[in-house]
Amino acid sequence: MTKRFALGIFDDEDVLLHAIENIRAAGVKIHDVFSPYPVHGIDDALGIERSRLPIAAFFFGLTGLSFALWMQIYMLGFDWPMIIGGKPHIALPAFIPVSFEMTVLFCAHGMVLTFFTISKLYPRWKVPVMDVRATDDKFVMAIELKDDASELSRLTQLLRENGASEVNEKEMTQK
Amino acid sequence: MQHVSPVREPLVTGGKTYHDITQDVCRQVEAKPNIRWMAALSVALFFLGIFFYSVYRTLWYGIGEWGLNKTVGWAWDITNFVWWVGIGHAGTLISAVLLLFRQKWRSSINRAAEAMTIFAVICAAMFPVLHMGRPWLAYWVFPFQNTFGSLWVNFNSPLLWDVFAISTYFSVSLVFWYIGLIPDFATIRDRAKGPIAKRAYALLSFGWKGSAKAWSRYETVSLILAGVATPLVLSVHTIVSMDFATSVVPGWHTTIFPPYFVAGAIFSGFAMVLTLMLITRVVFKLEDYITIEHIALMNKIMMITGSIVGVAYITEFFIAWYSQVEFEQYAFINRATGPYWWAYASMMTCNVITPQLVWFRRIRYSIPATFILSIIVNIGMWFERFVIIVTSLHRDYLPSSWVMFSPTWVDIGIYVGTLGLFFTLFLLFAKFFPVVNMAEVKTILKYGVDNGPTYTGHHGHGHQVTPAHQPVAPAIPASAPVNYNKHD
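For the record, the sequence lines run as chains A and B. Mapping to this note's numbering: the first sequence position 131 is 131, numbers consecutive. Mapping to this note's numbering: the second sequence position 385 is 1385, numbers consecutive.
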């Protein structure tokens, strides 16, 4: 499916943040903003909700901790109990290091895999981008164009008024 | 137009723009390999060849090729293992601990320091694996059920904790490093001209586009990874120290080992970071990013951790005397005055006296002096591990078993060989990967510099938006108080 976008190119993050505010206030829906680095305050300006990844990370960590404790208690306590150094079979203080490491292991990898999945990040041969300068030094605001013929000129006017240094039209094929 | 703040030093010098950062970092990735890089790689590959030959000797003829004997059963292998793991710790300290403490100067050195962590851990892992004698059975250290008798691994053993600690540390550091690399790979991808480079960096970039939502998640993920990597890095060297501290060998059986080892690890790691950075910044012309201030700050960390290590050496000695345990006392007297006195003297000179020179401002800000100091510290920290390991073992409880240890050429070959492995990996990284985190450096470009209107939050409706056809004028004169809210 092919979609058309008006791209407002900005040179400065502060101008961009004001523009996002004004354009949203004017009732225009912003498709996305692409920037070369994380712009602080853009989440609030665009109304992006706080990520729930920390909650996921906590539960991945909890899974790792539970798994590590179960593994050690089951293996040394029940499956093949041995007396090592005169300690009890289930010597919990000695299980702390492995439990800690497994907590970190599960937390980090679980969270990163979740991040890759929800952000659709995976290796691919070709990456179609709105504007190649968005990974260099420009801030690119994409607004989806519906079929109205006068829409582009109206948006160009609005983006220009809000400090865009150029406005382009771009067609993107999306799955 | 760049106005320098009267209060804070800019973190990036030379009045760079965002595009300059991209250019400066991508330059060496896109250029053909130069002769100096090829020469350095040839030397590294020569030492890598020595590594492979020594490993071949070890595997074909067995551990008997090493200088170990029945009294000194651990020597260069564990010395090198601890040395390499320790070096790795500075990378995590820079990428995680300094992130949590909001030390923004870390941005331009964290990429290379994390790379150093990963390559150092790879080198470290060679030693315990080779010491197994049959490395093809290395998977036996993991809790797989087997049919050979005792069914599971011993979770009470610090050596097993080490397996979990090092593998977690390696994999988490790798992921942390890679997450940071993704946006920079996207930058290189979008600039790439050749079809192979475009494809290769497209694959590496995981389809990153820099959308606002992705950046928001990226920042969350980085912060949490830093949060878990911080206790992780402390746990790793703590557990490494427990390999020694939980034994009953005089000289090893010490409760101060965990903090002492962690401080020593950061100390030696910063020395290695300095060695590498001083070369990298000159070879790749990154003096505006890795500034003299960075070098001075790293020198200060080296001085503080070096002083902690010095206090630990003296504390150990005091406690040995205070414990009134004859064997403990002898172990320390033997260290300082016995046949290995020269190793002890090297350790004390390199690690306790050398870093104190950094108190002098002229030395802290001198590049040649820093380079020499960093090499001396690397040597000193190698001797520290050698002193702890070999001098504690070579005269044990039974005087009839007292021996000296001397390494064979295979021992030396594997050690200098891992240096070859390390530098091969580092040189390949420095050529094909962005050595400075471009995205992160772009966020700190305006730090200490005021060159435009400052956005004060989305409720600041009093602000007038600057139209694009007018040049963006500095809203505040350089001498006036600057609004730091945004960057702090």
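We treat Cβ as the ideally placed atom computed from N, Cα and C, and that holds for glycine.
Self-check item: Start-to-end residues for the alpha helix (DSSP H) that takes in F1429 of chain B
Solution: Here the alpha helix (DSSP H) through F1429 of chain B covers 1409 to 1432.
Self-check item: Helix, strand or coil at A68 of chain A [DSSP, three-state]
Solution: The three-state secondary structure of A68 of chain A, taken from DSSP, is helix.
Quiz item: Checking contacts by CB at 8 Å: is H109 of chain A closer than that to chain B?
Solution: Chain B contact via Cβ: present.
Practice problem: Within its chain, find whatever has a CB closer than 6 Å to the CB of M1242 of chain B; leave out the 5 residues flanking it on each side and keep chain order. | Solution: Result list for M1242 of chain B: P1158, in chain order.
Quiz item: Among residues of its own chain, excluding the 5 on either side of P1339 of chain B, which ones have a beta-carbon nearer than 7 Å to its beta-carbon?
Solution: Cβ-Cβ distances below 7 Å link P1339 of chain B to M1404 in the same chain, with the five nearest sequence neighbours on each side left out; the list follows chain order.
Quiz item: Taking Cβ-Cβ distances shorter than 8 Å, what residues in chain A pair up with A1212 of chain B?
Solution: Ordered by position in chain A, the residues that pass the 8 Å Cβ test against A1212 of chain B are D32, V33, F34, S35, V39, I42, D43, L46, I48.
Self-check item: chain B contact residues for A57 of chain A, given Cβ-Cβ distances below 7 Å
Solution: Neighbours of A57 of chain A on chain B, chain order: I1224.
Practice problem: Assess, as a yes-or-no matter, whether the segment 1332 to 1352 of chain B is touched by the segment 1277 to 1289 of chain B under the definition of 3 or more beta carbon pairs within less than 8 Å. | Solution: For the pair of segments examined, the segment 1277 to 1289 of chain B was found not to touch the segment 1332 to 1352 of chain B: the number of CB pairs separated by less than 8 Å stays below three.
Quiz item: Taking just the CA atoms, how far does I1021 of chain B sit from I1444 of chain B?
Solution: Within the model, the alpha-carbon separation for I1444 of chain B versus I1021 of chain B is close to 11 Å.
Quiz item: So, using beta-carbon positions, are A1336 of chain B and E1328 of chain B closer together than 8 Å?
Solution: No, they are not a contact pair.
Quiz item: Can you tell which of B:F1176, B:R1199, B:V1175 has its C-alpha closest to the C-alpha of A1186 of chain B?
Solution: Nearest of B:F1176, B:R1199, B:V1175 to A1186 of chain B, Cα basis: B:R1199.
Quiz item: Straight-line CA distance for I90 of chain A to T63 of chain A?
Solution: Answer to the nearest angstrom: the Cα atoms are 20 Å apart.
Quiz prompt | Contacts around G86 of chain A, its chain only, beta-carbon distance under 8 Å, and the 5 residues preceding and following it disregarded | solution = Excluding residues within five positions, none has a Cβ falling inside 8 Å.
Exercise. Please list, in chain order, all residues of the same chain as W1136 of chain B whose beta carbon is under 6 Å from its beta carbon, the five residues on each side excluded.
Key: Within its own chain, no residue has a Cβ closer than 6 Å to the Cβ of W1136 of chain B once the five positions on either side in sequence are excluded.
Quiz item: Contact check, G1086 of chain B vs S1268 of chain B under 8 Å by CB: the rounded distance?
Solution: Correct: roughly 5 Å between the Cβ atoms.
Self-check item: Spatially closest choice to A1113 of chain B from B:I1314, B:Y1260, B:S1307, B:F1176, by CA coordinates
Solution: Measuring from the Cα of A1113 of chain B, the nearest candidate turns out to be B:F1176.
Exercise. Name the two residues that bound the continuous beta strand (DSSP E) containing F1039 of chain B.
Key: The sequence as given places Ala at residue 1039 of chain B; Phe does not occur at that position. Run containing A1039 of chain B: none in the beta strand (DSSP E); it sits in the alpha helix (DSSP H), 1035 to 1061.
Self-check item: Pair within 8 Å by beta-carbon distance, V184 of chain A and V39 of chain A
Solution: Only positions 1 to 175 of chain A appear in the structure, and residue 184 of chain A is not among them; the question remains open.
Practice problem: Tell me whether T173 of chain A sits in a helix, a strand or coil according to DSSP, three-state version. | Solution: Three-state DSSP puts T173 of chain A in a strand.
Self-check item: F5 of chain A in three-state terms, based on DSSP
Solution: Of the three classes helix, strand and coil, the one that applies to F5 of chain A here is strand, per DSSP.
Quiz item: Taking 8 Å as the CB-CB cut-off, is A91 of chain A touching chain B?
Solution: Judged by the 8 Å Cβ criterion, A91 of chain A is in contact with chain B.
Practice problem: Please compile the residues from chain B whose C-beta is within a distance smaller than 8 Å of the C-beta of G86 of chain A. | Solution: Residues of chain B passing the Cβ test: none, with the nearest at roughly 11 Å.
Exercise. Step through the CB atoms of chain B and report whether any lies within less than 8 Å of the CB of Q72 of chain A.
Key: Chain B, which has a Cβ nearer than 8 Å to the Cβ of Q72 of chain A, makes this yes.
Practice problem: Would you decide whether M1038 of chain B is buried or exposed? Buried here means 16 or more other CB atoms lie within 10 Å of its CB. | Solution: Flag for M1038 of chain B reads exposed.
Quiz item: Any idea which residues DSSP pairs V140 of chain A with across the strands?
Solution: A:I9, A:F34, per the DSSP bridge assignment.
Exercise. Count the CB pairs spanning the segment 1025 to 1042 of chain B and the segment 1433 to 1440 of chain B that are closer than 8 Å, and state whether there are at least three.
Key: Cβ pair count under 8 Å is three or more, so yes.
Quiz item: Which residues in chain A sit within 8 Å of E1219 of chain B, going by Cβ to Cβ distance?
Solution: Going along chain A in sequence order, the residues near E1219 of chain B (Cβ under 8 Å) are P38.
Self-check item: Where the alpha helix (DSSP H) through A149 of chain A begins and ends
Solution: It is not in any alpha helix (DSSP H) - A149 of chain A carries neither H nor E in the DSSP assignment.
Practice problem: Note down, in chain order, each residue of its chain lying with its Cβ closer than 8 Å to the Cβ of W1066 of chain B, except the 5 sequence neighbours on either side. | Solution: Shown here for W1066 of chain B: same chain residues with a beta carbon closer than 8 Å to its own, the five before and five after excluded, namely T1058, A1075, W1076, D1077, P1407, T1408, V1410, D1411 in chain order.
Quiz item: Looking at the C-beta of P1453 of chain B, does it have a partner C-beta in chain A at a distance below 8 Å?
Solution: Legend: pLDDT at P1453 of chain B = 44, less than 50; position of this residue unreliable, no value from coordinates given.
Quiz item: Would you call I1166 of chain B buried or exposed, if buried means 16 or more other Cβ atoms sit within 10 Å of its Cβ?
Solution: Buried, by the Cβ-count rule.
Quiz item: So is V104 of chain A in contact with chain B if we call contact Cβ pairs under 8 Å?
Solution: At least one chain B Cβ lies under 8 Å of V104 of chain A.
Exercise. Would you mind sorting T1254 of chain B into buried or exposed? The rule is 16 or more other CB atoms within 10 Å of its CB.
Key: Buried, because 16 or more other Cβ atoms sit within 10 Å of the Cβ of T1254 of chain B.
Practice problem: Quick one: grab the DSSP three-state call for V1436 of chain B. | Solution: Three-state DSSP puts V1436 of chain B in coil, outside helix and strand.
Quiz item: Would the segment 1033 to 1052 of chain B and the segment 1415 to 1431 of chain B be scored as touching if the rule is three or more Cβ pairs under 8 Å?
Solution: Yes: the two stretches touch, three or more of their Cβ pairs being nearer than 8 Å.
Exercise. Tell me N168 of chain A's beta-bridge partners as DSSP assigns them.
Key: Paired residue(s): A:L7.
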